[in-house]
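*Asks:* Provided herewith is a single structure, encoded as structure tokens, for subsequent inquiry.
Number of protein chains: 2
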Amino acid sequence: MARVVVDVMLKSEILDPQGEAVLGALPRLGVTDVASVRIGKRVEIEFGENAQNVEEQSRVIADQLLANPVIESFTVAVERGSNEGA
Amino acid sequence: MARVVVDVMLKSEILDPQGEAVLGALPRLGVTDVASVRIGKRVEIEFGENAQNVEEQSRVIADQLLANPVIESFTVAVERGSNEGA
Chain A
83 MARVVVDVML KSEILDPQGE AVLGALPRLG VTDVASVRIG KRVEIEFGEN AQNVEEQSRV
143 IADQLLANPV IESFTVAVER GSNEGA
Chain B
83 MARVVVDVML KSEILDPQGE AVLGALPRLG VTDVASVRIG KRVEIEFGEN AQNVEEQSRV
143 IADQLLANPV IESFTVAVER GSNEGA
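Taken in sequence, the protein lines are chains A and B.
Letter by letter, the first sequence follows residues 83 to 168 of my numbering.
Letter by letter, the second sequence follows residues 83 to 168 of my numbering.
Quick look at the structure:
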């Protein structure tokens, strides 16, 4: 059974208001050494026992469903081999 | 300059409607081998040059600001050493 993690982040040139809000709240926690905070999505996809080409399929999912390619970029990482347990 | 990644995910026993929605949309992309999809947050925190105890500070941020400990769990990973470039 393969597990794939897709991380979707706003591109660096895109303003991240959610991250800015967290950054602005940090001094209240006594944290003053932070230069920037960026917030994105982490998607964990669990494939079935006999799934093939999990990385390729995950790229299709990320590209067409999870990320907006105009403002976001994504990375795909296979955490467990697709043939494990098959 | 240290970079810390905090991943915040819903606990496994908590229903994830956003993940369920993605799962339900996968057959339209021709992907039928997925058992589950869970969607959480990925937070990238960039600390300043002279920041100390970045892992500890990140845990405070995650615990008090980023995660709701009732329904979410988080992991903290330091990607670059806190003394690098200091």
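All residues carry an ideal CB built from backbone N, CA and C; glycine is no exception.
For clarity, every value in this text was computed on a predicted model and none was experimentally measured.
#1: Short of 7 Å in beta carbon distance, which residues of its chain neighbour Arg-120 of chain A, apart from the five on each side in sequence? Order them along the chain.
#2: With distances taken Cα to Cα, identify the nearest neighbour of Gln-134 of chain A among B:Asp-115, B:Val-160, B:Arg-85.
#3: Mapping the DSSP letters down to three states, classify Gly-122 of chain B as helix, strand or coil.
#4: Please report the distance separating the alpha-carbon of Ser-140 of chain A from that of Val-158 of chain A.
#5: Can you tell which of B:Leu-108, B:Arg-124, B:Lys-123 has its C-alpha closest to the C-alpha of Ala-117 of chain B?
#6: Measuring only between beta-carbons, confirm whether Ala-107 of chain B sits less than 8 Å from chain A.
#7: Thinking C-alpha only, which one of B:Val-160, B:Asn-150, B:Ile-153 is nearest Val-136 of chain B?
*Replies:* By the coordinates alone:
#1: Position 38 of the first sequence holds residue 120 of chain A. So the list reads Met-91, Leu-92, Asp-98, Gly-101, once near-sequence residues are dropped.
#2: Position 52 of the first sequence holds residue 134 of chain A. The option with the nearest alpha carbon to Gln-134 of chain A is B:Asp-115.
#3: As a working note, residue 122 of chain B is residue 40 in the second sequence. Strand.
#4: Here residue 140 of chain A is taken as the residue at index 58 of the first sequence, counted from 1. Here residue 158 of chain A is taken as the residue at index 76 of the first sequence, counted from 1. Roughly 7 Å separates the two Cα atoms.
#5: In the second sequence, counting from the first residue as 1, residue 117 of chain B sits at position 35. The candidate whose alpha carbon is nearest that of Ala-117 of chain B is B:Leu-108.
#6: Along the second sequence, read from residue 1 onward, the residue named residue 107 of chain B stands at position 25. Yes, contact with chain A.
#7: The residue labelled residue 136 of chain B in the question sits at position 54 within the second sequence. Closest by alpha carbon: B:Val-160.
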